[in-house]
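Visitor: Chains as they are written, first to last, in numbering that gives the first Met the number 0: chain B, 0 to 581; chain A, 0 to 109. Note that the Cβ used here is the ideal one computed from N, Cα and C, for glycine as well.
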Amino acid sequence: MPAGNDQLVSLEWQPLPGAGGATIFPLIRKIDTVSSNSYIIQTPDAIILIDPGGLATQAEQLMQVVTECRAEKERPFFILLTHAHIDHFIAIQNTPALAVAGAAVLMVQEEGAACLERGDAAMTQAAMFNTTIVPIKAGFHLVTSDRREHPGEPVELCFSNGALATVTAFPAGATPMSLNRETIVFGPASPPLDVFHTPGHSRDSICIRMGGLLFIGDLFFAANPGIAGLVGWSQEDLIRSLDGIGALLDKGEISQLCPGHGRLIPVADAQKMLPLVKRDAATLADIAEFNPDRAAEIATYAEDIMEQVNQLFTVMAGRLYYISYVLDELEESGTAAELGTLINGDDIDELLDAFRIFSEEHHTKKGVSVHLALKAGQVVGKLQRTFKTDELAHIIDPGIVRRTERLLADYITIFRGFTPPREVTVVDLSSLIEALIEGLTIPPISCDAVFSSTDDEKAFARVLLASIGTRPLLEDMDVVIDNAPDVLFVTIDRENFTDLLTYILEDLVGKGSPAIRVTVCGSGSSATVTISGTTPSSSAGCESQKTDRFLTGLCERAGASLAVSHGEDTRNTYTIQANRVV
Amino acid sequence: MEIKTTSKDNATTLSLNGRIDTATAPELEQAINKVIDGGQRKVLLDFAGVTYISSGGLRVLLATAKKLKNPGDKFGICALSPEVLKILKLAGFTSIFSIYPSEGEALAGW
């Protein structure tokens, strides 16, 4: 029976709201990329399965239910796909009981049907998930251009398994509806089933309506990172489809939306979500196609940045513990306790650990890149939500906080299919390096600032915290700068370049280099910055490789190139080449 | 994580092997507390086998430093990998307790 508020219950038969004579058996799964939700509807004339999903176990469970229905009363069996992505249908291919020939009629929008018939690994996302797909013939093509030429004329259908149905096309514009629609009637005692063509997530996406339920496939996820930009995705189509579905919901005939993944959505919630999805979609002009090659690139980038994110968050949490320790020593435990709310070290450790375990399993089991990219997206999103940047930047080195913030934001930008912003300007290289090193040597809070704040208790607490929490990286460090004799102007992105130099200096200082030498020189059309230091040899080859790859990428984004050498004599040399403006 | 405890020259060394993270930090804290509760006031952590330290691990180190701050107490860490040393340095921990290249050098000074 339906639960309170007429919410449908998973894995139970219940009346289909607003469709007399029809009942529904939803199979609602937790959201993942492996398999979709499935919905079985039975009417006196037909059994309809919407999206068999991507798992053999799920298909077997569904077939058991369908078999029981047919044992009760033999009826034709139809399988409809909201779209031909493997997580919605691959169970058909792998489950003999669901074999389309004879037993069931597979109904797919005509573009999806064409993809299935040619075994299109790109459009079905089989290539993305490294899955083999064999060609599948659809029994009936939905929302075809041919039928649109005869609007409003019912077409009688007779299938090879003896099933009968009537289909009528209502092209967009022929009615106030802005979407192409077809209405299918499976028999005299069955409520009509409307099919709306809603491309955007894929070319063949459809929404299906029976009574008060609207089955929307992945329409509401279509603007999400890692989903937007999939092969077949279209921003323009998506916005048009969202508008069309918005108009349909406004008519007040739909009570619940049944998504391809996750819980059912009451119409009032859907009406709030829809403008947000549309707003997200509107920002996605010119995003890069999310194909297997790009997924592999993003996954590699994800692993590289997570190494840095891990270090930065551990350092920030550690810095807060350090401040608490010093405050305790100063008998300021009240202020120390307040710091605990700025970073939840345990939660962050758990998130980062979960990514590490996922990543290790990904390599051991040779997983698909898209899963790793999505997992990183999930972790980065959670870190962004828990990261109180402004408050932290007042207490610990703002440079660390801002770099972490940029790292997280860059990942989401790249994950969404964009290129992180880059502003290449002409910069005086020697001055930039001197200013950076000076900034990393002198304590940002002077003794005078501490003394002058003693009259104001709050100001004193703030200055005290900052003076404990901000430790100049190069304090007590022997740094030698060999500057070029002449002024060297280069074209670089100042922010990324400064970040790059800071990461390198931090690595050398942190790993125990007793001295650092920075050499700046110009030759022809290029300028070279060499940073070197001596650190004990490390056994962490993989981590070091990820760090070098991360720094190389960052240098490219800064508009320069980087060569790293870790000599056997424990000497580390970073050589950066930038374009010189002569 | 493996923890091996040895005592010599009135000091106890806990030799650690593995990662100090969410899962293993409580185990380390327990082992250290057992040594301190047993009356030992000179504790050295040998990090030669430690490949990673999380913020949970840093908290255990700080809690230990708080417990061993009376006159005559000693707390130190030795044989850090460059990666772990980097975290401790950047977090500011190297100004709270002593870092030694090896167990021998640490105990010689105690």
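For Ala120 of chain B, which residues from the same chain have a beta carbon less than 7 Å from its beta carbon, with the 5 sequence-adjacent residues on both sides left out?
Guide: Same-chain partners within the cutoff: Ala126 and Ile132.
Visitor: Assuming Met0 of chain A contacts Thr21 of chain A under a Cβ cut-off of 8 Å, what Cβ separation, rounded to an integer in Å, is found between them?
Guide: Not really, about 12 Å apart at Cβ, beyond 8 Å.
Visitor: For chain A, is any of its Cβ atoms less than 8 Å away from the one on Gly376 of chain B?
Guide: Judged by the 8 Å Cβ criterion, Gly376 of chain B is not in contact with chain A.
Visitor: Against Phe92 of chain A, what residues of chain B qualify as contacts under a CB-to-CB distance less than 8 Å, listed in chain order?
Guide: Under the 8 Å cutoff, chain B gives Gly317 and Tyr321.
Visitor: Straight-line CA distance for Val379 of chain B to Glu404 of chain B?
Guide: In a straight line, the C-alpha of Val379 of chain B is about 10 Å away from that of Glu404 of chain B.
Visitor: Whole-angstrom Cβ separation of Asp44 of chain B and Arg74 of chain B, contact assumed at under 8 Å?
Guide: Indeed they touch by this definition, with Cβ atoms about 6 Å apart.
Visitor: Expressed to the nearest angstrom, what Euclidean distance is found between the alpha-carbon atoms of Asp427 of chain B and Leu439 of chain B?
Guide: So the two alpha carbons sit approximately 19 Å from each other.
Visitor: Since Thr4 of chain A meets chain B, which of its residues come closer than 7 Å, beta carbon to beta carbon?
Guide: The premise fails here: Thr4 of chain A is roughly 24 Å from chain B at the closest Cβ pair, so nothing lies under 7 Å.
Visitor: Express the C-alpha separation of Ala105 of chain A and Asp327 of chain B in angstroms, rounding to a whole number.
Guide: Roughly 27 Å separates the two Cα atoms.
Visitor: Is the shortest distance between the beta-carbon of Asp475 of chain B and the beta-carbons of chain A less than 8 Å?
Guide: Judged by the 8 Å Cβ criterion, Asp475 of chain B is not in contact with chain A.
Visitor: Of all the beta strand (DSSP E) runs that stay within the bounds of the region 488 to 563 of chain B, which reach a length of 3 or more residues?
Guide: Those beta strand (DSSP E) runs which fall completely within the region 488 to 563 of chain B and span 3+ residues are 488 to 492, 514 to 522 and 525 to 533.
Visitor: CB-CB under 8 Å to Asn223 of chain B, same chain, minus the five flanking residues each way: which ones, in chain order?
Guide: Cβ within range, chain order: Asp279.
Visitor: Taking C-beta pairs closer than 9 Å, name the residues in chain B that Ile35 of chain A reaches, listed in chain order.
Guide: Within 9 Å Cβ-Cβ: nothing; Ile35 of chain A doesn't reach chain B, min ~17 Å.
Visitor: Which runs of the alpha helix (DSSP H) fall wholly inside the region 431 to 477 of chain B and span at least 4 residues, in chain order?
Guide: The region 431 to 477 of chain B contains these whole alpha helix (DSSP H) runs: 446 to 451 and 456 to 468.
Visitor: Looking at the C-beta of Gly71 of chain A, does it have a partner C-beta in chain B at a distance below 8 Å?
Guide: Cβ-Cβ to chain B under 8 Å: no for Gly71 of chain A.
Visitor: Comparing the C-beta of Leu57 of chain A with each C-beta of chain B, is any distance below 8 Å?
Guide: Yes, because at least one Cβ of chain B sits closer than 8 Å to the Cβ of Leu57 of chain A.
Visitor: Let's test the definition: count the other Cβ atoms within 10 Å of the Cβ of Met0 of chain B and tell me whether it reaches 16, buried, or not, exposed.
Guide: Unreliable placement is indicated for Met0 of chain B, whose pLDDT of 37 sits below 50; the coordinate value is still reported in the next sentence. It counts as exposed.
Visitor: Is any non-hydrogen atom of the ligand FAD found closer than 7 Å to the C-beta of Glu390 of chain B, if you look at the structure I gave you?
Guide: Looking at this structure, you won't find the ligand FAD or any other ligand, since it has none at all.
Visitor: Using the beta-carbon count (16 or more within 10 Å), is His200 of chain B buried or exposed?
Guide: With 16 or more Cβ atoms within 10 Å of its Cβ, His200 of chain B is classed as buried.
Visitor: Using a Cβ cut-off of 9 Å, pull out every chain A residue sitting near Ile347 of chain B, in sequence order please.
Guide: Correct list: Ser53 and Ser54.
Visitor: With a 10 Å radius around its C-beta and 16 neighbouring C-beta atoms as the bar for buried, classify Lys282 of chain B as buried or exposed.
Guide: It is Thr, not Lys, that sits at residue 282 of chain B in the sequence shown. So Thr282 of chain B counts as exposed.
Visitor: Would you list the one or two residues that DSSP bridges to Thr572 of chain B?
Guide: In DSSP, Thr572 of chain B forms a bridge with B:Ser531 and B:Ser564.
Visitor: Taking 8 Å as the CB-CB limit, is Tyr324 of chain B close to chain A?
Guide: Yes, Tyr324 of chain B lies at the interface with chain A (some Cβ there is under 8 Å from its Cβ).
Visitor: Any beta carbon from chain A within less than 8 Å of Arg28 of chain B's own beta carbon?
Guide: Output row for Arg28 of chain B: interface = no.
Visitor: Closer than 8 Å, CB to CB, is Val314 of chain B near chain A or not?
Guide: So, interface residue.
Visitor: Enumerate, from N- to C-terminal direction, the unbroken alpha helix (DSSP H) stretches of 4 or more residues contained entirely within the region 140 to 221 of chain B.
Guide: Correct list: 144 to 147.
Visitor: I'd like to know if Lys85 of chain A contacts chain B, where contact means its C-beta is closer than 8 Å to some C-beta of that chain.
Guide: Yes, its Cβ sits closer than 8 Å to a Cβ of chain B.
Visitor: According to DSSP, simplified to helix, strand and coil, what is Gln124 of chain B?
Guide: The answer is coil: DSSP assigns Gln124 of chain B none of H, G, I, E or B.
Visitor: Give, in chain order, every residue of the region 19 to 45 of chain A whose Cβ lies closer than 9 Å to some Cβ of chain B.
Guide: Per Cβ criterion, the list reads Asp20, Thr21, Ala22 and Ala24.
Visitor: When the Cβ atoms of the region 289 to 305 of chain B are set against those of the region 29 to 48 of chain A, are three or more pairs found closer than 8 Å?
Guide: Contact between the region 289 to 305 of chain B and the region 29 to 48 of chain A is absent, because fewer than three Cβ pairs lie under 8 Å.
Visitor: Would Thr81 of chain B pass as a contact of Ser177 of chain B if the rule is Cβ separation under 8 Å?
Guide: For Thr81 of chain B and Ser177 of chain B, no; Cβs fall outside 8 Å.
Visitor: In three-state terms, what does DSSP make of Arg579 of chain B?
Guide: In the structure shown, Arg579 of chain B sits in a strand (DSSP, three-state: E or B).
Visitor: Looking at chain A, which residues of the region 493 to 521 of chain B have a Cβ within less than 8 Å of any of its Cβ atoms?
Guide: Under the 8 Å Cβ criterion, the region 493 to 521 of chain B contributes Glu505, Asp506, Val508, Gly509, Lys510 and Gly511.
Visitor: Would you please verify whether the beta carbon of Thr534 of chain B is less than 8 Å from any beta carbon of chain A?
Guide: Cβ-Cβ to chain A under 8 Å: yes for Thr534 of chain B.
Visitor: Is it the case that the Cβ atoms of Gly17 of chain B and Thr42 of chain B are separated by a distance below 8 Å?
Guide: Contact: no.
Visitor: Using the Cα positions of Gly118 of chain B and Pro134 of chain B, report the straight-line distance between them to the nearest angstrom.
Guide: About 4 Å.
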